[in-house]
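Shown next, in structure tokens, is the structure this report addresses.
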Amino acid sequence: MTLIDRPALATTTDSETEVGATAARADRSYPAEVSTWVDGLVEHLQPAAVHWVDGSTRERHDLLQLLVTNGTIEQLNPDLRPYSFLARSAESDVARLESRTFICTDDPADAGPTNNWREPAAMRAELDEVFRGSMRGRTMYVVPFAMGPIGSPMARFGVQVTDSPYVVVSIGTMTRMGDAALAAIARGASWVPAVHSVGAPLAPGETDVPWPCNDTKYIVQFPATREIWSYGSAYGGNAILAKKAYALRIASVMARDEGWLAEHMLLIKVTPPSGRSYHLAAAFPSACGKTNMAMMTPNLPGWKIETIGDDIAWLWIGSDGRLRAINPEAGFFGVAPGTGVRTNPTAVDALWGNTIFTNVARTDDGDVWWEGLSDDAPAHLTDWRGESWTPGSGTTAAHPNARFTVSARQCPSIADDWDDPAGVVIDAIIFGGRRASNVPLVVEARDWDHGVFMGATIASEQTAAAEGTVGELRRDPFAMLPFAGYNMADYFGHWLDFGRRLRRSARVPRVFQVNWFRKGADGSFLWPGFGDNARVLEWMIGRLDGTRTAVDTPIGSLPAAGALNVEGLDLDADALTELFRVDPEAFLHEVDDIESFFATFGDRMPSELSRQLDLLRTRLQAELG
Ligand code: GTP
Ligand code: SPV
Ligand code: MN
Numbered sequence: 109m110t111l112i113d114r115p116a117l118a119t120t121t122d123s124e125t126e127v128g129a130t131a132a133r134a135d136r137s138y139p140a141e142v143s144t145w146v147d148g149l150v151e152h153l154q155p156a157a158v159h160w161v162d163g164s165t166r167e168r169h170d171l172l173q174l175l176v177t178n179g180t181i182e183q184l185n186p187d188l189r190p191y192s193f194l195a196r197s198a199e200s201d202v203a204r205l206e207s208r209t210f211i212c213t214d215d216p217a218d219a220g221p222t223n224n225w226r227e228p229a230a231m232r233a234e235l236d237e238v239f240r241g242s243m244r245g246r247t248m249y250v251v252p253f254a255m256g257p258i259g260s261p262m263a264r265f266g267v268q269v270t271d272s273p274y275v276v277v278s279i280g281t282m283t284r285m286g287d288a289a290l291a292a293i294a295r296g297a298s299w300v301p302a303v304h305s306v307g308a309p310l311a312p313g314e315t316d317v318p319w320p321c322n323d324t325k326y327i328v329q330f331p332a333t334r335e336i337w338s339y340g341s342a343y344g345g346n347a348i349l350a351k352k353a354y355a356l357r358i359a360s361v362m363a364r365d366e367g368w369l370a371e372h373m374l375l376i377k378v379t380p381p382s383g384r385s386y387h388l389a390a391a392f393p394s395a396c397g398k399t400n401m402a403m404m405t406p407n408l409p410g411w412k413i414e415t416i417g418d419d420i421a422w423l424w425i426g427s428d429g430r431l432r433a434i435n436p437e438a439g440f441f442g443v444a445p446g447t448g449v450r451t452n453p454t455a456v457d458a459l460w461g462n463t464i465f466t467n468v469a470r471t472d473d474g475d476v477w478w479e480g481l482s483d484d485a486p487a488h489l490t491d492w493r494g495e496s497w498t499p500g501s502g503t504t505a506a507h508p509n510a511r512f513t514v515s516a517r518q519c520p521s522i523a524d525d526w527d528d529p530a531g532v533v534i535d536a537i538i539f540g541g542r543r544a545s546n547v548p549l550v551v552e553a554r555d556w557d558h559g560v561f562m563g564a565t566i567a568s569e570q571t572a573a574a575e576g577t578v579g580e581l582r583r584d585p586f587a588m589l590p591f592a593g594y595n596m597a598d599y600f601g602h603w604l605d606f607g608r609r610l611r612r613s614a615r616v617p618r619v620f621q622v623n624w625f626r627k628g629a630d631g632s633f634l635w636p637g638f639g640d641n642a643r644v645l646e647w648m649i650g651r652l653d654g655t656r657t658a659v660d661t662p663i664g665s666l667p668a669a670g671a672l673n674v675e676g677l678d679l680d681a682d683a684l685t686e687l688f689r690v691d692p693e694a695f696l697h698e699v700d701d702i703e704s705f706f707a708t709f710g711d712r713m714p715s716e717l718s719r720q721l722d723l724l725r726t727r728l729q730a731e732l733g
């Protein structure tokens, strides 16, 4: 089997060696600290070979070839989807596993009530056993990577070892992987060690399965030593440790200690017809619309939206006193279902080729399909499990958490300054969730502290991005519930403190809350969403420059009558009223629920947020009379 459409190759030395052979290592220099760490892991995990990943095109090609040979991926029809691949995971390995994600701190209170806490020494002993010999019969890949543009004051480094070539090619798309990152480490940059094994050692002569993994899984963070250990899964955030484990869980701890923010946020540049650009950061929980908003085609003439990031943002106060942000990633690991020509044509265009699809369906002519890509399903498909599928079969052809992995550079809407080492200046911050009821389309916070209260009280219906019951409402503060590496109450305090520092400098960004997902009595979405969300951004920007009006309500400021542009929308008056209805009674229930949630943090809860809650209750009660 040979891959078709082999890309131009960069020349490179062969860097795979039998364990014990040092010849190939001698022709490239590895930082001693990294080598020593790898040597220790080789002894413990006992891989059959070690491959130092250089990040070259040739290496990627060879790994893809290996994955095809192993049956992990298949190449799609190159005439329809050039140089693209389909992976089918094991049926038990399809999403992030929050119940097996652990934060290990000496004091359980430092992990806080929203995290699974484990005592570090006990977890180390457990992992020691689990990882012993876990790479037997497999190659250990040593994967150096950078988060953020190398050369940025915000760039951070890591080295992941993994026994999954699928994970290596994924990291290659999602980060700046290879020799450049290693060189920065060699020059003295500090780095986070991340150990990953699928937990499926091979006995001599044993044939491999297409998607090796283990029923027992661990995703473990040690914030004090800035270490990550992951076992048993090859899927997404469980295995691409640069993403959630590093860029959010470990980075949130670094950010707390160093005075910045590591957030589950998209970043966009919005240019209205006036020509002045604004940068917005928005936090929505998993599978609640970040990638879609990041690539939005605005349904407003003369408006332009460009992509900077779709999942993670690192924010800091620049030397100019302004709030700045970078996207630490280099690619998109996006939800496929619901991504279609009508909802997100930009994403569909970005996926023209050079894409790895995981758990989508395959068409008979060797292309991909998923629910929502087109209105009608093809007459016959091979579903994500590899089985024959026809419309009306009662199952979905793609897994609800099926994903695409594609380079950011390939996105037609990518902004020129998306990888500017100095980041972009943030004008507004948006929080959102998936709420069928209660929460209006858009609300503006009174000030930063009220905005922090909004972020802290986000609730959202669960999606297929992690295990659990889809649709169940849960508090997901700042969309960071599964990603904060320390006590969430301390994290709230860090946000409040950050606001105090911002107030002392140039300008404090405005904060808004949105909900694209409110439903009418018939159970359908009231708001058209997607490209029409630009109308909400138009109102927000109008608030920033003082051209759009608002009315005060107990929960914050809502667009005044006529201030939101709904021209040309097929939206009846009742739907519009319902989209903005604030029911004081229902919100008082919400207040009680928030109070119980806050109570779980005990005296770690910042008093400012309890004060915000009291103020909200008083305002709602006044409304009821
Ligand atoms: P993660 O990658 O898990 O962090 O997800 P995400 O926040 O990037 O979510 P994404 O943009 O991939 O959207 C997830 C699902 O929500 C998809 O099925 C989308 O079609 C759907 N969705 C996104 N935006 C909207 C919207 O404005 N309205 C409606 N009704 N659905 C939306
Ligand atoms: C999310 O769940 O928020 C994702 C997908 O972005 S994963 O990388 O698997 O975490
Ligand atoms: Mn995400």
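Quick note on numbering: the sequence shown equals residues 109 to 733 in our numbering.
Every residue, glycine too, gets a C-beta built ideally from N, C-alpha and C.
Q | CA-to-CA distance, Ala-668 to Asp-660, given in whole angstroms | A | The sequence position of residue 660 within the sequence shown is 552, counting from 1. The sequence position of residue 668 within the sequence shown is 560, counting from 1. Straight through space, the alpha carbons of Ala-668 and Asp-660 are spaced by roughly 9 Å.
Q: Would you list the residues sitting across from Val-622 in a DSSP beta bridge?
A: Walking along the sequence shown from the start, residue 622 turns up at place 514. Val-622 is bridged to Gly-540 and Val-550.
Q | Alpha-carbon to alpha-carbon, Lys-398 and Thr-405 | A | Taking the first residue of the sequence shown as 1, we reach residue 405 at position 297. Taking the first residue of the sequence shown as 1, we reach residue 398 at position 290. Taking the straight line from one Cα to the other gives about 14 Å.
Q. The ligand GTP heavy atoms versus the CB of Gly-480: any closer than 8 Å?
A. Locating residue 480 in the sequence shown gives position 372, where the first residue counts as 1. True, at least one ligand heavy atom lies under 8 Å from that Cβ.
**Q.** Nearest residue (CA-CA) to Asp-605, options Ile-211, Glu-716 and Phe-633
**A.** The residue given as residue 605 occupies position 497 in the sequence shown. The shortest Cα separation from Asp-605 among Ile-211, Glu-716 and Phe-633 belongs to Glu-716.
Q. From which residue to which residue does the alpha helix (DSSP H) around Met-262 run?
A. Here residue 262 refers to the residue found at position 154 when the sequence shown is read from its first residue. That residue, Met-262, is in no alpha helix (DSSP H); it is neither H nor E in DSSP.
Q. Looking at the structure shown, is Phe-705 part of a helix, part of a strand, or coil, going by DSSP?
A. Position 597 of the sequence shown, counted from the first residue, corresponds to residue 705. Three-state result, Phe-705: helix.
Q: Using only alpha-carbon positions, find the residue among Arg-432, Val-443 and Trp-460 that is nearest to Trp-368.
A: As a position in the sequence shown, residue 368 is number 260, starting the count at 1. Closest option to Trp-368, Cα to Cα, is Arg-432.
Q: Confirm the yes/no value for this check: CB of His-507, any heavy atom of the ligand MN, distance under 8 Å.
A: For the purposes of this step, residue 507 is taken as residue 399 along the sequence shown, with counting starting at 1. No.
Q.
When you measure from the CB of Gly-340 to every non-hydrogen atom of the ligand SPV, does any distance come out below 8 Å?
A. In the sequence shown, residue 340 corresponds to position 232, counting from 1. No; taking the cut-off as 8 Å, the Cβ of Gly-340 has no heavy atom of the ligand SPV nearer than that.
Q.
The alpha helix (DSSP H) that contains Ala-289, what's its start and end?
A. Working through the sequence shown from its first residue, we reach residue 289 at position 181. Unbroken alpha helix (DSSP H) run through Ala-289: 287-294.
Q) How close, in whole Å, do the beta carbons of Val-306 and Gly-266 come, if the pair is a contact with beta carbons under 8 Å? A) Locating residue 306 in the sequence shown gives position 198, where the first residue counts as 1. Locating residue 266 in the sequence shown gives position 158, where the first residue counts as 1. So it is not a contact: roughly 19 Å between Cβ atoms.
Q) Rounded to the nearest angstrom, how far is the Cβ of Ser-192 from that of Thr-565, given a contact under 8 Å? A) Translated into positions along the sequence shown, residue 192 becomes position 84. Translated into positions along the sequence shown, residue 565 becomes position 457. About 41 Å; that fails the 8 Å criterion.
Q) With 16 other CB atoms within 10 Å as the buried threshold, where does Leu-728 fall? A) The residue labelled residue 728 in the question sits at position 620 within the sequence shown. Buried.
Q | Enclosing beta strand (DSSP E) for Ala-370 [first to last residue] | A | Here residue 370 is taken as the residue at index 262 of the sequence shown, counted from 1. Counting along the chain, the beta strand (DSSP E) containing Ala-370 begins and ends at 369-371.
Q. Can you list, in chain order, the residues of its chain whose CB lies under 6 Å from that of Ala-288, leaving out five sequence neighbours each side?
A. Against the sequence shown, residue 288 aligns to sequence position 180. Result list for Ala-288: Ile-258, in chain order.
(Q) Helix, strand or coil, according to DSSP, for Ser-501 in the structure here? (A) The residue you call residue 501 lines up with position 393 of the sequence shown. Ser-501 falls in the coil class under three-state DSSP.
Q) With respect to 8 Å, is the separation between the Cβ of Lys-398 and the closest non-hydrogen atom of the ligand MN below this value? A) Taking the first residue of the sequence shown as position 1, residue 398 is located at position 290. Because some heavy atom of the ligand MN lies under 8 Å away, the Cβ of Lys-398 counts as near it: yes.
Q.
Is His-372 near the ligand MN - that is, is its Cβ less than 8 Å away from at least one heavy atom of it?
A. On the sequence shown, position 264 is the one that residue 372 refers to. Because some heavy atom of the ligand MN lies under 8 Å away, the Cβ of His-372 counts as near it: yes.
Q | Whole-number beta carbon distance between Thr-708 and Pro-221, since they are thought to touch under 8 Å | A | On the sequence shown, residue 221 is found 113 positions in, with the first residue counted as 1. On the sequence shown, residue 708 is found 600 positions in, with the first residue counted as 1. Yes, Pro-221 and Thr-708 are in contact; Cβ-Cβ is about 5 Å, under 8 Å.
Q) Once you ignore the five residues that flank Gln-518 on each side, which residues in its own chain have a CB closer than 7 Å to its CB? A) Position 410 of the sequence shown holds residue 518. Once the five neighbours on either side are set aside, the close Cβ partners of Gln-518 are Ala-458 and Asn-462.
Q.
By the DSSP assignment, the beta strand (DSSP E) with Glu-151 in it spans what residues?
A. Sequence index remark: in the sequence shown, residue 151 carries index 43 (1-based). That residue, Glu-151, is in no beta strand (DSSP E); its alpha helix (DSSP H) goes 140-153.
Q: Note down, in chain order, each residue of its chain lying with its Cβ closer than 8 Å to the Cβ of Leu-652, except the 5 sequence neighbours on either side.
A: As a working mapping, residue 652 is identified with position 544 in the sequence shown. Excluding residues within five positions, the ones whose Cβ falls inside 8 Å are Tyr-386, Asp-535, Ala-536 and Arg-618.
Q: Give me the Cα-Cα distance between Trp-624 and Leu-549, rounded to the nearest whole angstrom.
A: For the purposes of this step, residue 624 is taken as residue 516 along the sequence shown, with counting starting at 1. For the purposes of this step, residue 549 is taken as residue 441 along the sequence shown, with counting starting at 1. Annotation: Trp-624 to Leu-549 spans about 6 Å, alpha carbon to alpha carbon.
Q) With which residues is Pro-301 paired in a DSSP beta bridge? A) For the purposes of this step, residue 301 is identified with residue 193 of the sequence shown, where counting begins at 1. In DSSP, Pro-301 forms a bridge with Val-267.
Q: Please state if the CB of Ala-510 and the CB of Pro-445 are separated by a distance shorter than 9 Å.
A: One-based indexing of the sequence shown puts residue 445 at position 337. One-based indexing of the sequence shown puts residue 510 at position 402. Yes.
Q | Element boundaries [alpha helix (DSSP H), containing Arg-609] | A | Looking up residue 609 in the sequence shown gives position 501. Looking at the DSSP string, the run of the alpha helix (DSSP H) that includes Arg-609 is 596-612.
Q: Check whether the Cβ of Ser-394 sits closer than 8 Å to any heavy atom of the ligand HEM, and report yes or no.
A: Ligands displayed in this structure: the ligand GTP, the ligand SPV and the ligand MN; the ligand HEM is not among them.
Q: Report, in whole angstroms, the separation of the C-beta atoms of Glu-141 and Pro-590, which I expect to be a contact under 8 Å.
A: Residue numbering aside, residue 141 sits at position 33 when the sequence shown is read from its first letter. Residue numbering aside, residue 590 sits at position 482 when the sequence shown is read from its first letter. Contact flag wrong, Cβ pair sits at about 31 Å.
Q: State the Cα-Cα distance for the pair Gly-579 and Phe-539, rounded to the nearest angstrom.
A: The residue you call residue 579 lines up with position 471 of the sequence shown. The residue you call residue 539 lines up with position 431 of the sequence shown. Gly-579 and Phe-539: Cα-Cα distance of roughly 19 Å.
**Q.** Neighbourhood of Asp-418 by C-beta distance below 6 Å, restricted to the same chain and skipping five residues each side
**A.** Indexing the sequence shown from 1 puts residue 418 at position 310. Cβ neighbours of Asp-418 beyond the five flanking positions: Leu-374, Lys-398, Thr-399, Ala-402 and Phe-440.
Q) In its own chain, which residues sit with a C-beta less than 8 Å from the C-beta of Ala-342, not counting the 5 before and 5 after it? A) Against the sequence shown, residue 342 aligns to sequence position 234. Closer than 8 Å at Cβ, skipping near neighbours: Ser-197, Asp-201, Ser-272, Tyr-274, Val-275, Val-306, Trp-319, Pro-320 and Cys-321.
Q) In the segment 147-228, which residue ranges form an unbroken beta strand (DSSP E) of at least 3 residues, counting only runs that do not cross its ends? A) 157-160, 181-183, 193-195, 209-212 and 224-226
Q. Looking only at DSSP bridge pairs, what is Leu-375 linked to?
A. Numbered from 1 along the sequence shown, position 267 holds the residue referred to as residue 375. In DSSP, Leu-375 forms a bridge with Ala-389 and Gly-417.
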